[in-house]
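Engineer:
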Amino acid sequence: MEKSFDIAALIYKSFQEELSEMESRELQSWREEKASNEDLYQELQNHPAALSKMEVYQRFDSKKAWSSIQGKLEETKVVPMYTKVWRYAAAVLLPVLMAGAIFYFTQYEQDPLAGIDEVIVPGAEQAILILADGSKVDLTTSQSSQAINQGSVKITNESSSLHYAADSIDAEVQQVAYNELQTPKGGTYQLQLADGTKITLNAASSIRYPVSFTDSTRTVYLAGEAFFEVTKTGQPFIVQSESQKVRVLGTQFNVMAYADELVVETTLVEGKVQVESDLERQILKPGEQSTLKEQKLSVLEVSTDNYTSWMSGKFQFKNSSMEEVMKRLARWYDFAYEFENEEAKDLHFTGRIDNQQQISAILKMLEVTTAVNFEFNDDQIIIQ
């Protein structure tokens, strides 16, 4: 069966019209060896998913894959097929499939993603509010009209949105108290501050903010990702993350500052912002994005929709690496994953995905478009 890897490579190269004269003769000899070989070749040629799946073969160490597969094949039960063609197809293609090179051939193959949609579900509006005294309120389970009073500030939680309303006279004499809003993986929530500023917090994020603004500046502290619609009051509004500061008066912008990312991105939709690192500062205009990496700020023009689509329930990917795709999906669907094939991290994907789709549908779409395979095992997604 080890010969199957060589045949798979020749078939792939023939579809790409890259066969040498010697390879062409070798493949032709194999096709003429048995009628079932030719039937199999024609079946592959007429299958639209075959080429993308076989492309992965080019990135595999066939000897290593074959060594791993030999042990697995001994444990695999033989499933009867209805025709000699399909029996031969299964025999030839099973090791290649397990190496990630060809697609699944029969309806009798066990779905490697079976049961995944019962375990991994789309995210939803959920968050925890931490009050100034350290007490916690689960906003997901709290009553929709529940109100909390902190001094002269009234906090209400309605329709997955937290609202602060302050008495402008009394608020100025109060000591500044801070609250914190946290979303888990698979969670998002909306927040309206006492000054009217609206914030949408993405999954696995937190924001710390004053219950009411009494200083000359309005400063909030972000970890993760959030979209801001800042109300103009005359006081500068500052978004402080671990490695940068964004200073504005009134505008709409997105900040992505996750601890597990190598960069911090600030994307300006409307207005004007100043982005500051420890070493430099940049002024952004609408349609521009700053990227902070290793304390160096760079600015480029972008399509802001690509970076704010999460607000409308979409994942927008543009030539994104599979590593980045999986990282973003995992934040929303809250799952663990592992790259069994490290080279798959560098495959790229462009497209828009609805974040309420079942995870199995998304993974199967990625299999067809990026030539990777997924398995669901021990509550973990394996990327092959």
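Numbered by our numbering, the letters in the sequence shown go through residues 1043 to 1426 in order. A virtual CB, placed ideally from N, CA and C, is assigned to each residue, including glycine.
Among residues of its own chain, excluding the 5 on either side of threonine 1392, which ones have a beta-carbon nearer than 8 Å to its beta-carbon?
Structural biologist: Phe1359, Lys1360, Asn1361 and Ser1362
Engineer: Just how far apart, CA to CA, sit serine 1248 and glutamate 1222?
Structural biologist: 7 Å
Engineer: Go ahead and pull the three-state DSSP assignment for alanine 1169.
Structural biologist: coil
Engineer: Please state the DSSP three-state secondary structure of isoleucine 1158.
Structural biologist: helix
Engineer: Looking at valine 1195: is its Cβ nearer than 8 Å to the Cβ of tyrosine 1206?
Structural biologist: With respect to the 8 Å criterion, valine 1195 and tyrosine 1206 are classified as neighbours on the basis of their beta carbons.
Engineer: Please confirm whether valine 1429 and glutamine 1331 have their CB atoms less than 8 Å apart.
Structural biologist: The question about residue 1429 has no answer, for the chain in this structure spans 1043 to 1426.
Engineer: Straight-line CA distance for leucine 1061 to tryptophan 1352?
Structural biologist: If you take the alpha carbons of leucine 1061 and tryptophan 1352, they lie about 45 Å apart.
Engineer: Within 10 angstroms of its Cβ, does arginine 1394 collect 16 or more other Cβ (buried), or is it exposed?
Structural biologist: exposed
Engineer: Can the beta-carbon of leucine 1334 be found less than 8 Å from the beta-carbon of serine 1319?
Structural biologist: yes
Engineer: Assuming contact is defined by CB atoms lying nearer than 8 Å, are glutamate 1382 and isoleucine 1325 in contact in what I supplied?
Structural biologist: Result no, Cβ atoms of glutamate 1382 and isoleucine 1325 do not sit closer than 8 Å.
Engineer: Leaving out five residues before and five after leucine 1304 in sequence, what residues of the same chain have Cβ atoms less than 7 Å from its Cβ?
Structural biologist: Lys1335
Engineer: Give the DSSP-derived three-state secondary structure of serine 1078 in the structure shown.
Structural biologist: helix
Engineer: Per DSSP, glutamate 1380 is paired with what?
Structural biologist: Ile1424
Engineer: Could you give the first and the last residue of the continuous alpha helix (DSSP H) run that contains valine 1253?
Structural biologist: First-last for valine 1253: undefined, no H or E at that position.
Engineer: Note the first and the last residue of the continuous beta strand (DSSP E) segment covering aspartate 1180.
Structural biologist: 1178 to 1180
Engineer: Compare the Cα-Cα distances from glutamate 1271 to each of Asn1415, Glu1343, Val1161 and Asp1237 and report the closest residue.
Structural biologist: Asp1237
Engineer: Pull up the CB-CB distance for glycine 1266 and tyrosine 1300, whole angstroms please, since I reckon it's below 8 Å.
Structural biologist: 5 Å
Engineer: So, under 8 Å CB-CB, alanine 1246 and arginine 1373 are touching, yes? Tell me the CB distance rounded to an integer number of Å.
Structural biologist: 5 Å
Engineer: If we count the other Cβ atoms within 10 Å of its Cβ and call it buried at 16 or more, is glycine 1009 buried or exposed?
Structural biologist: Nothing can be reported for residue 1009, as the shown portion of the chain is limited to 1043 through 1426.
Engineer: Since I believe valine 1297 is in contact with valine 1288 (beta carbons under 8 Å), could you give me their beta-carbon distance rounded to a whole number of angstroms?
Structural biologist: Rounded, the Cβ-Cβ distance is 6 Å, consistent with contact.
Engineer: From the DSSP output, in three-state form, read off threonine 1333 for me.
Structural biologist: Under the three-state reduction of DSSP, threonine 1333 is assigned to strand.
Engineer: Please state whether the Cβ-Cβ distance between glutamine 1460 and isoleucine 1170 is less than 8 Å.
Structural biologist: A query on residue 1460 cannot be resolved here, the shown segment of the chain reaching from 1043 to 1426 and no further.
Engineer: Across which residues does DSSP place phenylalanine 1279 in a beta bridge pair?
Structural biologist: Arg1260 and Val1290
Engineer: Between the C-alpha atoms of valine 1161 and glutamate 1063, what's the straight-line distance to the nearest angstrom?
Structural biologist: One Cα belongs to valine 1161, the other to glutamate 1063, and the distance between them is close to 51 Å.
Engineer: May I ask you to list the residues that DSSP assigns as paired with arginine 1323?
Structural biologist: Glu1318
Engineer: Within the same chain, show all residues whose beta-carbon is closer than 7 Å to that of isoleucine 1401, passing over the 5 residues directly before and after it, in chain order.
Structural biologist: Residues Ile1158, Asp1159, Ile1162 and Tyr1375 of the same chain have their beta carbon placed closer than 7 Å to that of isoleucine 1401, with the five preceding and five following residues left out of the count.
Engineer: What is the residue span of the beta strand (DSSP E) that glutamate 1284 lies within?
Structural biologist: First-last for glutamate 1284: undefined, no H or E at that position.
Engineer: Label histidine 1390 either buried or exposed according to how many other C-beta atoms from any shown protein chain fall within 10 Å of its C-beta, with 16 as the threshold for buried.
Structural biologist: exposed
Engineer: In the DSSP assignment, find the alpha helix (DSSP H) that holds threonine 1412 and state where it starts and stops.
Structural biologist: 1401 to 1412
Engineer: Suppose you measure from the CA of leucine 1069 to the CA of methionine 1407; what does that come to, to the nearest Å?
Structural biologist: Taking the straight line joining both Cα atoms gives about 31 Å.
Engineer: Between alanine 1265 and the ligand PLP, is the CB less than 7 Å from at least one heavy atom?
Structural biologist: You won't find the ligand PLP in this model; it holds no ligand whatsoever.
Engineer: Classify serine 1340 as helix, strand or coil using the three-state DSSP reduction.
Structural biologist: strand
Engineer: Should tyrosine 1251 go down as buried or exposed, given a rule of 16 or more other Cβ atoms within 10 Å for buried?
Structural biologist: buried
Engineer: According to DSSP, which residues form a beta bridge with lysine 1221?
Structural biologist: At residue 1221 the sequence reads asparagine, which differs from the lysine that was named. Looking at the DSSP assignment, asparagine 1221 forms a beta bridge with Tyr1251.
Engineer: Classify alanine 1051: buried if its beta carbon has 16 or more other beta carbons within 10 angstroms, exposed otherwise.
Structural biologist: Here alanine 1051 is buried: its Cβ has 16 or more other Cβ atoms, across all protein chains shown, within 10 Å.
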